[in-house]
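**Q** Here you go, one structure.
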Amino acid sequence: MECRISDLTELDGPFEGDEMTPSVCKRGGHCVEGMRSLMCSACESGWHRSNSYTQCERCNDEAALHRSTIALYLLFYSCAIIVITKFTVDAAASIRRPIHSVICKVALNYWLALSVLNRFDITQIKMYEWNVALGEALRNVFVPQWVGAVMKTIVFWKGELPWISVKAAIMCLMPHQNDRYISIGVFYLVLPFLLLSVVTVLSALGLAIRRVCKAMFKFSRSLGKSGPGPIGFMRRTAHMSVEAFSRNLNNEPRLLSIWRVFDGATIGVAPRFISFMHDMIPVYVTTLYLIWSPVTDTMLELLECEIFEIPMASGAKMLSRRWVVDPDLVCYSGMHTSLTAIAVIGLLVWTVGAPVLGLYILYRGRATSRLNDAQFLRRYGFLYLGFEEHCWYWEALKRAQALAYGVVSTWPLGDVKARLVM
Numbered sequence: 065m066e067c068r069i070s071d072l073t074e075l076d077g078p079f080e081g082d083e084m085t086p087s088v089c090k091r092g093g094h095c096v097e098g099m100r101s102l103m104c105s106a107c108e109s110g111w112h113r114s115n116s117y118t119q120c121e122r123c124n125d126e127a128a129l130h131r132s133t134i135a136l137y138l139l140f141y142s143c144a145i146i147v148i149t150k151f152t153v154d155a156a157a158s159i160r161r162p163i164h165s166v167i168c169k170v171a172l173n174y175w176l177a178l179s180v181l182n183r184f185d186i187t188q189i190k191m192y193e194w195n196v197a198l199g200e201a202l203r204n205v206f207v208p209q210w211v212g213a214v215m216k217t218i219v220f221w222k223g224e225l226p227w228i229s230v231k232a233a234i235m236c237l238m239p240h241q242n243d244r245y246i247s248i249g250v251f252y253l254v255l256p257f258l259l260l261s262v263v264t265v266l267s268a269l270g271l272a273i274r275r276v277c278k279a280m281f282k283f284s285r286s287l288g289k290s291g292p293g294p295i296g297f298m299r300r301t302a303h304m305s306v307e308a309f310s311r312n313l314n315n316e317p318r319l320l321s322i323w324r325v326f327d328g329a330t331i332g333v334a335p336r337f338i339s340f341m342h343d344m345i346p347v348y349v350t351t352l353y354l355i356w357s358p359v360t361d362t363m364l365e366l367l368e369c370e371i372f373e374i375p376m377a378s379g380a381k382m383l384s385r386r387w388v389v390d391p392d393l394v395c396y397s398g399m400h401t402s403l404t405a406i407a408v409i410g411l412l413v414w415t416v417g418a419p420v421l422g423l424y425i426l427y428r429g430r431a432t433s434r435l436n437d438a439q440f441l442r443r444y445g446f447l448y449l450g451f452e453e454h455c456w457y458w459e460a461l462k463r464a465q466a467l468a469y470g471v472v473s474t475w476p477l478g479d480v481k482a483r484l485v486m
């Protein structure tokens, strides 16, 4: 049975300051199993959910499973970052932009535009008569259940795989309510640092494995052959095409078109490390922008408050600003103060800081006429490839637009229809 504000007649819940939170319905109904708090909108200890609009589910008792979920999340994102970076540097090295890099850019902006829709509950908007009639007519149209599930996933996807939910894993690892909220906020606050570290380790590991495999291959060939043998036409042509593709920028062979490999060159550790860090610049740029949406959504969620009318025992109603995720918490007081501090730091450093830094780099590149320079394209092409040259700032503008949508949906600025109009 669902408990709503209009059903509450008595106060029975945890204290938050000088107030007590109602959690019992007047008809004797209680929250469904695993749910608690005002309007039954939060999870009990030992229960989890990945989104605030879904019902809580019981946690698995295996802590190792939840830790591995977080590790898989970082690994999945790191691999996606490397793949997208390869698309970007391939486009930077080609006069004709490969179609997959353009599709990748369009898809990322599509997900960014749709990511704000999950904050608006459009079911609260009153339908016009022709909408109602159309809805009644469409009820007779058969739509497979899997189609609805796929469409819902497309609209409400927040950068996580359905079976890899970091928020759910953290909620299961943290037994206490306050600890889980702080842990989720801190995790997403340091998530860019974690991804930068993981993707650096994976890149270095990939280069090391390639170097070892190449050395073993040379050693095995030296044992099997006393001298170089003839090479067939097809094999020689394939070898030349691969070399031409890998050397199409700066005449240097690269792994996945990203990292220089220095085959046959004697280079010290320090120069090799410096070259590696230079090659990691496009990977780092992709990381900061790819993780922008999940971090921003979480930081805004920490600030998402609504004004509730809470019935008192005297029959009067009291207005109280509560956190939407867990209405037991009064906004900007008590434990929510810590969540607010985490959100403000995350918004300033990652949500605003990363796009502003990218915009400044492109501004300097445009001022020095380097936007079409091969090396500049390789490093920062993710920020403006796919746009016209005079629209070099468009990526930052789209981020500002998404942030504005998030702010409108987070702060109580009217009903849902008014927020959508804004």
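Residue numbering for the sequence shown follows this note's numbering, beginning at 65 and increasing consecutively.
Ideal Cβ placement from N, Cα and C applies to all residues, glycine included.
All of these numbers come straight from a predicted model, not from anything done at the bench.
#1: Mind checking which residues open and close the alpha helix (DSSP H) that includes Ser-397?
#2: Using 7 Å as the threshold, is the C-beta distance between Ile-406 and Leu-259 below it?
#3: Could you check the C-alpha separation between Ala-468 and Leu-364 for me, to the nearest Å?
#4: Would Gln-119 be called buried (16 or more neighbouring beta carbons within 10 Å of its own) or exposed?
#5: On the DSSP letters alone, give me the boundaries of the beta strand (DSSP E) that Glu-373 sits inside.
#6: I need the boundaries of the alpha helix (DSSP H) containing Met-363, first residue and last residue.
#7: Pairing CB atoms from the segment 231 to 241 with CB atoms from the segment 349 to 360, are three or more of them under 8 Å?
#8: Taking the DSSP output, what are the residues bridged to Ser-384?
#9: Quick one: measure Cβ to Cβ for Thr-350 and Thr-152, integer angstroms, because I've assumed they're closer than 8 Å.
#10: Could you tell me which residues DSSP puts in a beta bridge with Ala-106?
#11: Pick helix, strand or coil for Leu-320, following the three-state DSSP scheme.
#12: What's the call for Asp-392, buried or exposed, on a 16-neighbour Cβ count within 10 Å?
#13: Looking at the structure shown, is Glu-121 part of a helix, part of a strand, or coil, going by DSSP?
#14: Give the straight-line distance between the Cα atoms of Val-147 and Val-394, rounded to the nearest whole angstrom.
#15: With respect to the alpha helix (DSSP H) encompassing Tyr-469, which residues constitute its N-terminal and C-terminal limits?
#16: Please report the straight-line C-alpha distance between Leu-441 and Leu-435, rounded to a whole angstrom.
#17: Closest by CA to Asn-115, which one among Val-389, Thr-401 and Val-416?
#18: Here's a check: name, in chain order, each residue in its chain whose Cβ is nearer than 7 Å to the Cβ of Glu-453, leaving out the five neighbours to either side.
#19: Considering only the alpha carbon of each residue, which of Ala-464, Ala-232, Glu-459 and Val-472 lies closest to Val-170?
#20: Is His-454 helix, strand or coil by DSSP?
#21: Tell me, please, which residues DSSP counts as bridged to Trp-414.
#22: Among Gly-379, Ile-331, Lys-462 and Ile-234, which one has its Cα closest to the Cα of Val-420?
#23: In chain order, what residues of the same chain have a beta carbon less than 7 Å from the beta carbon of Arg-131, not counting five sequence neighbours either side?
#24: Flag this pair as yes or no: are the beta carbons of Ser-321 and Asp-154 separated by less than 7 Å?
#25: Tell me the DSSP secondary structure of His-240 in three-state form.
#26: May I ask you to report which of helix, strand or coil DSSP gives His-94?
#27: So, Cys-277 versus His-112, is the Cβ gap smaller than 7 Å?
#28: Could you check how far apart the C-beta atoms of Glu-370 and Arg-386 are, in whole angstroms? I think they sit under 8 Å.
#29: Which of helix, strand or coil does DSSP assign to Val-306?
#30: Out of Gly-422, Val-230, Ala-268 and Ala-157, point me to the one whose CA is closest to Met-341's CA.
#31: Enumerate in chain order the residues of its own chain whose CB-to-CB distance from Gly-92 is below 6 Å, with the five nearest sequence positions on each side excluded.
**A** Checking against the coordinates, here is how it stands:
#1: Position 333 of the sequence shown, counted from the start, is the residue given in the question as residue 397. It is not in any alpha helix (DSSP H) - Ser-397 carries neither H nor E in the DSSP assignment.
#2: Numbered from its first residue, the sequence shown carries residue 406 at position 342. Numbered from its first residue, the sequence shown carries residue 259 at position 195. No, the pair does not count as a contact, with Cβ atoms beyond the cut-off.
#3: For the purposes of this step, residue 468 is taken as the residue at position 404 of the sequence shown. For the purposes of this step, residue 364 is taken as the residue at position 300 of the sequence shown. In a straight line, the C-alpha of Ala-468 is about 11 Å away from that of Leu-364.
#4: Position 55 of the sequence shown, counted from the start, is the residue given in the question as residue 119. Looking at its Cβ environment, which holds fewer than 16 other Cβ atoms inside 10 Å, Gln-119 is exposed.
#5: Numbered from its first residue, the sequence shown carries residue 373 at position 309. From DSSP, the beta strand (DSSP E) with Glu-373 extends over 369 to 375.
#6: Numbered from 1 along the sequence shown, position 299 holds the residue referred to as residue 363. 356 to 366 is the span of the alpha helix (DSSP H), which, as asked, contains Met-363.
#7: no
#8: Numbered from its first residue, the sequence shown carries residue 384 at position 320. In the DSSP output, where bridge partners are listed per residue, Ser-384 has Phe-372.
#9: As a first step, residue 350 is located in the sequence shown; it is residue number 286 there, counting from the start. As a first step, residue 152 is located in the sequence shown; it is residue number 88 there, counting from the start. About 7 Å separates the two Cβ atoms, so the contact holds.
#10: Counted from its first residue, the sequence shown places residue 106 at position 42. Answer by DSSP bridge pairing, in chain order: Arg-100.
#11: Locating residue 320 in the sequence shown gives position 256, where the first residue counts as 1. Coil at Leu-320, not helix or strand.
#12: Translated into positions along the sequence shown, residue 392 becomes position 328. Counting Cβ neighbours within 10 Å, Asp-392 comes out buried, since at least 16 surround it.
#13: By one-based count along the sequence shown, residue 121 stands at place 57. Note: Glu-121 maps to strand in three-state DSSP.
#14: On the sequence shown, residue 147 is found 83 positions in, with the first residue counted as 1. On the sequence shown, residue 394 is found 330 positions in, with the first residue counted as 1. Val-147 and Val-394: Cα-Cα distance of roughly 43 Å.
#15: On the sequence shown, position 405 is the one that residue 469 refers to. Run containing Tyr-469: 458 to 474, per the alpha helix (DSSP H) assignment.
#16: Taking the first residue of the sequence shown as 1, we reach residue 441 at position 377. Taking the first residue of the sequence shown as 1, we reach residue 435 at position 371. Going by the C-alpha atoms only, they are around 7 Å apart.
#17: One-based indexing of the sequence shown puts residue 115 at position 51. Selected option, being the one with the closest Cα: Val-389.
#18: To locate residue 453, count along the sequence shown from 1; it is residue 389. The residues are Leu-435.
#19: Counting from 1 along the sequence shown, the entry for residue 170 is found at position 106. If we check each option's Cα against that of Val-170, Glu-459 comes out closest.
#20: Residue numbering aside, residue 454 sits at position 390 when the sequence shown is read from its first letter. In this structure, His-454 counts as helix in the three-state DSSP scheme.
#21: Locating residue 414 in the sequence shown gives position 350, where the first residue counts as 1. Paired residue(s): none; Trp-414 is not in a bridge.
#22: For the purposes of this step, residue 420 is identified with residue 356 of the sequence shown, where counting begins at 1. Nearest option by C-alpha distance: Lys-462.
#23: Taking the sequence shown and counting its residues from 1, one reaches residue 131 at position 67. Closer than 7 Å at Cβ, skipping near neighbours: no residue.
#24: Within the sequence shown, residue 321 is the residue found at index 257, counting from 1. Within the sequence shown, residue 154 is the residue found at index 90, counting from 1. Yes. Within cutoff.
#25: If you number the sequence shown from 1, residue 240 lands on position 176. In the structure shown, His-240 sits in coil (DSSP, three-state: anything other than H, G, I, E or B).
#26: Taking the first residue of the sequence shown as position 1, residue 94 is located at position 30. His-94 falls in the coil class under three-state DSSP.
#27: Counted from its first residue, the sequence shown places residue 277 at position 213. Counted from its first residue, the sequence shown places residue 112 at position 48. Contact flag unset, no.
#28: If you number the sequence shown from 1, residue 370 lands on position 306. If you number the sequence shown from 1, residue 386 lands on position 322. That belief holds up - the Cβ atoms of Glu-370 and Arg-386 are roughly 6 Å apart, short of 8 Å.
#29: The residue you call residue 306 lines up with position 242 of the sequence shown. Summary for Val-306: the model assigns pLDDT 40, below 50, so the residue's position carries little reliability; its value from the coordinates is reported in the next sentence. Val-306 falls in the helix class under three-state DSSP.
#30: Residue 341 sits at position 277 when you count from the first residue of the sequence shown. When only C-alpha atoms are compared, the closest one is Ala-268.
#31: Along the sequence shown, one-based indexing puts residue 92 at 28. Low per-residue confidence applies at Gly-92: pLDDT is 47, beneath 50, and the placement is therefore not dependable, though the value from the model is reported in the following sentence. Result list for Gly-92: empty, nothing under 6 Å.
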